[in-house]
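One structure is given here, and the rest of the page talks about it.
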Amino acid sequence: MDDRKSLTFPDSSEIGGDFLYETVVPNCQNHTYCEHLDRYPKELFSKILKSREKEFSRYFQSMAVIEPIMSRNQDTSCICASRKSIIYPKAAYNIKNNLKFIYNFDGYKQGVSVEVCVIKNQMCKFYEKVRKLKTRCRQKFVEKLLLTADENGRPYADRYRFPSACVCSYKIISSNVFFT
Numbered sequence: 022m023d024d025r026k027s028l029t030f031p032d033s034s035e036i037g038g039d040f041l042y043e044t045v046v047p048n049c050q051n052h053t054y055c056e057h058l059d060r061y062p063k064e065l066f067s068k069i070l071k072s073r074e075k076e077f078s079r080y081f082q083s084m085a086v087i088e089p090i091m092s093r094n095q096d097t098s099c100i101c102a103s104r105k106s107i108i109y110p111k112a113a114y115n116i117k118n119n120l121k122f123i124y125n126f127d128g129y130k131q132g133v134s135v136e137v138c139v140i141k142n143q144m145c146k147f148y149e150k151v152r153k154l155k156t157r158c159r160q161k162f163v164e165k166l167l168l169t170a171d172e173n174g175r176p177y178a179d180r181y182r183f184p185s186a187c188v189c190s191y192k193i194i195s196s197n198v199f200f201t
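To convert a position in the sequence shown, counted from 1, into my numbering, add 21.
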């Protein structure tokens, strides 16, 4: 993660439409996205979007209708423990590994449904008695297109990876797999 480019935030002395930057990274360290930033150019983004609201309205949709499939049947147990939520990232690393601002404030919300493994690389439940089989809970990701700010705050669509599922993967240690 050390080779990632730092996100730069606008200084209060913006000149014209260009940003003067200072480097800030603390809120996203060791994470692929962050929902809370100490400094976020909300006023600038608001001005830009108001003049082009119809053009970008498809990116801002309510997430209230999303119901995770697993929550529909409460009688099931999962092999890998996970936590589901809807996030509203204000900055994230795109698929090219560059940290970018994402338009996400007030009435302009871009929600992302995520599912995160509770314990990374944990042994899958119910497989403790399977000899010769090594199991691990692994994080899976999905790409999502979000409205992003370029270096001057102008909107464009960019792709991001978000945690989407926690799955059980296995490796056969021996060809003689059996239960005890």
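No residue lacks a Cβ here, since even glycine has one placed at the ideal position from N, Cα and C.
Counterpart residues of residue i in DSSP-defined beta bridges
i      : result
Phe136 : As written in the sequence, residue 136 is Glu, which differs from the Phe given in the question. Glu136 pairs with Lys105.
Lys192 : Lys155
Asp179 : Leu167
Lys220 : Absent from the model: residue 220. The displayed extent of the chain is 22 to 201, so no value can be given.
Leu120 : Tyr114
Cys55  : Ala112
Tyr129 : Phe126
Beta-carbon proximity check, residue i vs residue j, cutoff 9 Å
i      : j      : result
Ser103 : Val139 : yes
Thr3   : Lys121 : Lying outside 22 to 201, the shown extent of the chain, residue 3 is not represented and no answer is given.
Arg157 : Tyr191 : yes
Tyr177 : Tyr54  : no
Lys153 : Ile193 : yes
Separation of residue j from residue i, as counted between CA atoms
i      : j      : result
Glu76  : Ser67  : 14 Å
Ile116 : Leu166 : 10 Å
Lys71  : Pro184 : 31 Å
Asn118 : Ala186 : 21 Å
Phe126 : Pro62  : 10 Å
Lys161 : Val188 : 7 Å
Ser60  : Ala112 : A small correction: the amino acid at residue 60 is Arg; Ser does not occupy that position in the sequence shown. About 11 Å.
Lys146 : Val135 : 21 Å
Met144 : Lys105 : 20 Å
Asp179 : Val163 : 14 Å
Ser78  : Ile107 : 19 Å
Tyr80  : Cys49  : 23 Å
Gly174 : Gly128 : 18 Å
Exposure label - residue i; buried when at least 16 CB within 10 Å
i      : result
Thr97  : exposed
His57  : exposed
Asp171 : exposed
Residue-chain proximity (residue i, chain C), Cβ-Cβ < 9 Å
i     : result
Cys99 : Of the protein chains in this structure there is only one, and it is not chain C.
Limits of the unbroken alpha helix (DSSP H) element including residue i
i      : result
Ile69  : 63–71
Phe147 : Premise fails: Phe147 is in no alpha helix (DSSP H) and is neither H nor E.
Lys141 : Per DSSP, Lys141 belongs to no alpha helix (DSSP H) and is neither H nor E.
Glu76  : 74–77
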